[in-house]
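Report on one structure; see the data block that follows.
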Amino acid sequence: MRSWRAMEKRRVLCVDDSSASRRIVADVLKNMGVECFEAVDGVDGLNHLVSDHFDLVILDINMPNLDGAEMIEG
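Using the working numbering, you'd call the opening residue of the sequence shown number 201 and step up by one each time.
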């Protein structure tokens, strides 16, 4: 439990085309005190990264428009 406290006040971006997956991840992170932001695909994720700072990005590999691997390269 002590390691969860290290995540408090952190900002995490969850990038996934599945709204159910994003919701599950966001709910778990919010319960840990993490501020969670969501993006629906790699393009949306890159837009978030350009305009904001995050401590961690959780990324789906298989997404439409721009997948996770392409997002990392971008």
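Even glycine gets a Cβ: it sits at the ideal position worked out from N, Cα and C.
Compute the Euclidean distance between the alpha carbons of residue i and residue j, then round it to the nearest angstrom.
i    : j    : result
H253 : R211 : 8 Å
D216 : G233 : 21 Å
E273 : N231 : 31 Å
R222 : P264 : 15 Å
H248 : A220 : 20 Å
E238 : S251 : 14 Å
C236 : D255 : 10 Å
M271 : S218 : 17 Å
Under the three-state reduction of DSSP, which class applies to residue i: helix, strand or coil?
i    : result
E235 : strand
V215 : strand
K230 : helix
Beta-carbon separation of residue i and residue j under 8 Å?
i    : j    : result
D267 : G245 : no
C214 : A206 : no
I261 : A269 : yes
Terminal residues of the continuous alpha helix (DSSP H) containing residue i?
i    : result
I272 : 268–273
V243 : 242–251
Please list the terminal residues of the continuous beta strand (DSSP E) segment that includes residue i.
i    : result
I258 : 256–259
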